Amino acid sequence: MNMATINDQITDEIRKEARRLLKTGEVAALIGYAAGSLPMTVKPLVVRCLEDCERLVWNTFCVLNLATYLPEVLSSVETPYDPRDPRPEEPQAKVAILATGCWSRNIVIQIQEKRVDRERVVVIGVGSRGMVSRAKVKALFPEKDILTVDEGDHELVVHGADFTETINRWAVVRDNCQTCAHPDPVLVDIRIGEPVSERKNPHPFQQVELLEQRSSEERWAWFTAEFSTCIRCYACRNVCPLCYCPTCFVDDARPQWLGKSLDAVDTGLFHVLRAFHCAGRCTDCGACESVCPMGINMRMLTKKLNKDVRDLYGIEAGMEPEAPLPLTTFPLASVEFIVADLAPLPAAARIVQPSSEGDESCKHG
Amino acid sequence: MQTWMISPVELDGLIQQWQKSYAVYVPALSKPATAATDCAPGWRRINAGEPWTLPVGPTPASVKSFYFPQPEILMTFHLEENHPDKGVMREPLKSHEMQVVLGVRPCDAASVLLNQLPFTEDPLFMAKCQRTALVGFTCTTRLSTCFCTEMGGSPHHCAGLDLALSPLQNGFLLEVLSEKGETLVAGCKLVPASESDLAVLADRRQGQGATSSYSSQLEVLKACALSRLYDAPMWQELGEACINCGACTFICPTCFCFDMQDEVVQGQGRRIRYWDSCMFPLYSQHTSGHNPRGKKLQRTRNRFLHKLKYFPDRFGPFSCVGCGRCIGDCPVNIDIREVLNDLVRRTELE
Amino acid sequence: MSWEPGIVVFCCSECRCTGVEEAAGSNCKAPCNVRIVRVPCASLISEYMIMSALRSGADGILVAGGSFDDCHSAGEKVGDHRRFVLLENLLEFIGVEPGRVHLSWESASPGDQLRVLIENFTEEVKALGPASKLVKQLEPVQVVE
Amino acid sequence: MISYMPYPVRIDDIVVETEDGSLKTFTLAFEQERHQKAWQHVPGQFVMLSVAGAGEAPVGLASSPTEGERLLCTVNRAGLVTTALHQLKVGDRLGLRGPIGNGFPLDREMKGKNLVMIAGGFAVTILRAALMSVLARRQDYGRITFIYGARTPGMLLYHEELRQWAQRGDIDLYVTIDREAPGWAGLVGFVPTIAAQVAPPPTNSVALICGPPIMIKFTMPPLEAIGWTDDQVYLSLENRMKCGQGLCCHCNVGPTLVCKDGPVFTRAQVKRLPLEY
């Protein structure tokens, strides 16, 4: 058998840390992944006892953003209290969570938006080497049933009933990971594995720019075709750590903003508004796109907004826990500026510039 | 009924003949250029001579939307001021156009029969049954997510189909299974299947009898007391991982929950019924705000128990055909086969 | 009869709507096609209101926010301005005609100026033609008599 | 075959029942005679009232079939549809689908028995229907105890009828309000407290209890203390429902569908169900 891969080593370290954290009582629960029942899948798992630590895995298919689960798991370990009583004052149990670059930025946003108490979270940082898109791998083997996929550091070995093929890992990494500039967590309490350096990325918004260059009619044709297969299952919404309204605007009855059935207009509006709500907050974790059962590229909309937010207001979401939220908090000085000529704000210094010594090697798998 | 031997060329001719008088639908494998046709996303209508391919295993979308479209217009009305019919509900005219759905797999055919159990009194569903002919292909490949045999089906079964095609070396065995099927092949000169071909088919079906030990375990599950399954600790972990999206319910061929609502656009109104999912919190929420299934765990449990306990309690069979779509598309890899196994283990613990 | 676009104007009643009724009622070129929605503060205009106007078939939507200078919720307004710029861009990105939804976030102006703004906007929308994108339409259904 | 098409009905009368205006009783008449002729219901059943453009909402029937052709529905203004309903005027049209559900077995299990009806809040509507049916054939039943509680005197429904029932002499009527209120000379106290004081023994009796879950929860122990069993107690469950025909699955409580198998269950039946109502 091959040498232990980087991810095998990370898995071992995660298990070790998990055991330690739970044993010492430092945390009451840990959010991670267990092996899935199908090739290229993992299951989110909340570990609460030592036995379950052995079920934790880390591999290149961890596409779901674990931050989605954080607020709920935090409240599940709180001492129960009657909602009519004041919150208990004693310090509440902590929760540990695995986080890559984008997930950690989502945790930062949860802290900024007061969804999560920084004191109660133990961030186990893992530098991301890019997660593989199951859809991309499947597309390489049309009409074939993939039975297992073995993971090496730079390649994947795909086995079917009548074939075995080795493919380059980076070639099937998700689009958002390929254009990601911040693969390393911005918030780390416990570090697992080696830090991954910032990536130089000359064209982070290439897909968006390509579409922007097309004509209005072509863009409309793209939009209608892309979203025509939506079945309104709301997986994109529910998997998103940014979506946490108790009642989503699609479900509102008074007033009812949108129709609920499959209608091109209602479906389109849902996606536009959902993306809009992520403006200035989206970290491009790609969970929405990864979970869509119909393979819709709704990330294009959030990516466009990310581009605008960066170009107009000079902000990248979730980079600093102390920073204010771009669309709700800002220095009043900038008010004058907008009034003056309605021009976009200059790119502020808050953009984290990719370091010039970015590690190019990781791009090649 | 009769079984024929048909070559691929003859089959193409047959399909072209249907296209003269019926709407013929095939699985859509890529995104359609325009909006979903006829409210059957995942399927497309083809014209004479247009090529089509059948995917291995179940079609991407189930045939559910042909019977239970999303949305279905129940009635229409006008709300414009001074309209003589203001507020009067009118029923839409039912279509009688025959439609042929080509490329149905045995699991989906079984799902139509299952859904007919609750919908037997529903005029809209049954009218669509009347005008829809299912032309199916039995499966030669079993995907790793397929588990139809476990649910009492078989890749070679043809129950629920009007015409069944089973691939052989140099063509297909064409089984005519209903009056609608008869109509579809009426007037065609076809070669009857030979004894040896029939024997091959019989042989395939023989080999795929119910896997006895598992199916007897499932019978035990059906008879198990509800409280025992309801209180199983397994729901905790499932409920925690589930993100409560509706992907599994919407791609499932046998999920049939619906909601009803009025839509009004510029004075014109209609009452529609559209797919709902028991995974959504609002599904069971009272007007008062009280929600009997307010927790994720309760909703996840309700979905599985509905399929594996409540439906069998009412109608007999499980409300699952083992197509495996939900396994492949669940964002958090909740695998109904694992749920089944856990439940079976639960019945064994005493 | 020539086609007149349907216009929805969301405007702040504190700083933009002064005299606007007269503007839309008596002087405006296409008075009956302009619907003015007055809100107590421009920061109360939500993306839902804009999108639902679009969905209901408005040919042009004008969001007329007021001055930041003398507004007690200037901060929120700036946030909304920032957000609406993004929304405008996003709509353009998906292929809605530029100019269908227009933001006018200017300093306090009497009704007269708003009237001119509405008139100009109406002319621009007229050039765009009727809205069809993101407009909800119910297909006609034959009914049992 | 089931149908989604409501019968057209007309509002013949509207009575504002409570001081806060949140409850109105609508008198409904069928627009078409054939619908009128075909209509049959039993107390405890409900209907789907539909307002075009707003949708449908389940509402319990407050009238008994013995009261003639008109149907009475007392509607609480709570959601989208009921708010739209409250805005309608006499003469307006609306749609009605039903009757839905099983209703109380007044002609079967309950016949010849002593009846105890316990109502809290506006759940009294279906018990009004039951009582009117019973009064129309008073000789078929034994002793009748009717306990009804509301928050304040102004929240009591059916004032005129309460007065008539009090005067009849063949009903043990106990009307109570939660707290002392000026001008109120009647009973004061929560329904469970009053029930504990006045509940008759369970011999040859059945109880019909309708009200908020918390009231039912606290009414049961005093009844059980004097020997009532779960088989003798009939409850009406409530759940969100849409189709009203046992199809859409919204109202399921375990394998049971409230709209089709219920809404009336004995307490023994309810206890066998999971707590999802």
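Chains as they are written, first to last, in the numbering used here: chain A, 187 to 551; chain B, -14 to 335; chain C, 123 to 267; chain D, -7 to 269. Glycine is no exception: its CB is placed at the ideal position from the N, C-alpha and C atoms. From a predicted model like this one, the values you see are computed outputs, not experimental measurements.
- Of all alpha-carbon atoms in A:Asp339, A:Asp452, A:Thr286, the one lying nearest the alpha-carbon of Ala190 of chain A is that of A:Asp339.
- With at least 16 other beta carbons inside 10 angstroms of its own, Pro91 of chain B counts as buried.
- Under the Cβ criterion of 8 Å, Ala226 of chain B is counted among the residues facing chain A.
- For Ser314 of chain A, the CB contacts under 6 Å within the same chain, skipping 5 residues up- and downstream, are Thr286, Gly287, Pro369 in chain order.
- Selection A:Cys248, A:Met317, A:Ala221, A:Leu252 evaluated against Cys239 of chain A yields A:Ala221 as nearest (Cα-Cα).
- Sorting A:Gly211, A:Met484, A:Val233 by C-alpha distance to the C-alpha of Ile217 of chain A places A:Val233 at the top.
- Annotation for Gly181 of chain D: Thr168 place their beta carbon closer than 7 Å to its own, counting only its chain and skipping 5 residues before and after.
- Distance between Pro274 of chain A and Pro0 of chain D, taken at the CA atoms: about 56 Å.
- Leu119 of chain B and Ser163 of chain B have their alpha carbons spaced roughly 10 Å apart.
- Counting C-beta atoms within 10 angstroms of its own C-beta, Val256 of chain D has 16 or more neighbours from the protein chains shown and is therefore classed as buried.
- Interface with chain C (8 Å Cβ-Cβ cutoff): Leu59 of chain B is excluded.
- With a threshold of 8 Å between beta carbons, Val266 of chain C makes contact with chain B.
- In the structure shown, Gln392 of chain A adopts helical secondary structure according to DSSP, grouped into three states.
- Against chain A, the CB of Glu219 of chain C has a partner CB under 8 Å away; the residue lies at that interface.
- Per DSSP, reduced to three states, the secondary structure at Pro91 of chain B is helical.
- Scanning chain C for C-beta atoms nearer than 8 Å to the C-beta of Ser223 of chain A yields nothing, as the closest lies near 37 Å away.
- Between the alpha carbons of Arg204 of chain C and Gly500 of chain A lies a gap of roughly 12 Å.
- For Ser174 of chain C, the chain A residues whose Cβ falls inside 7 Å of its Cβ are Trp443, in order along the chain.
- Asp70 of chain B has its alpha-carbon roughly 15 Å from the corresponding atom of Val249 of chain B.
- By DSSP's assignment, His63 of chain B forms a beta bridge with B:Lys71, B:Gln253.
- Below the 9 Å Cβ cutoff, chain C contributes Ile216, Lys255, Leu256 as neighbours of Gly454 of chain A, in chain order.
- Val317 of chain B carries a coil assignment under DSSP once its states are collapsed to helix, strand and coil.
- By the neighbour-count definition (other C-beta atoms within 10 Å, threshold 16), Thr285 of chain B is a buried residue.
- Among the residues facing chain B, Ile283 of chain A is not included, as its CB has no counterpart in that chain under 8 Å away.
- Under a 10 Å Cβ-count criterion, Asn492 of chain A is classified as buried, with 16 or more other Cβ atoms of the shown protein chains found around its own Cβ.
- Counting the other CB atoms within 10 Å of its CB gives Gln84 of chain B a total of 16 or more, which places it among the buried residues.
- If you draw a 10 Å sphere on the C-beta of Ser15 of chain B, you find fewer than 16 other C-beta atoms in it, and that means exposed.
- Within the region 335 to 376 of chain A, complete alpha helix (DSSP H) segments of at least 4 residues are found at 361 to 364, given in chain order.
- A Cβ of chain D is located within less than 8 Å of the beta carbon of His271 of chain B.
- Contact of Pro77 of chain B with chain C is assigned, a C-beta pair being separated by under 8 Å.
- Here the C-alpha atom of Ala175 of chain C lies approximately 14 Å from the C-alpha atom of Cys133 of chain C.
- Leu98 of chain B is positioned such that its CB atom lies no closer than 8 Å to that of Ile0 of chain B.
- Under the 8 Å criterion on CB atoms, Gln283 of chain B is classed as interfacial with respect to chain D.
- Taken atom to atom, the span from the alpha-carbon of Ser50 of chain B to that of Asn32 of chain B is near 20 Å.
- If you draw a straight line from the Cα of Arg288 of chain B to the Cα of Glu135 of chain B, it comes to about 19 Å.
- Not a single CB atom of chain A sits nearer than 8 Å to the CB of Arg160 of chain C.
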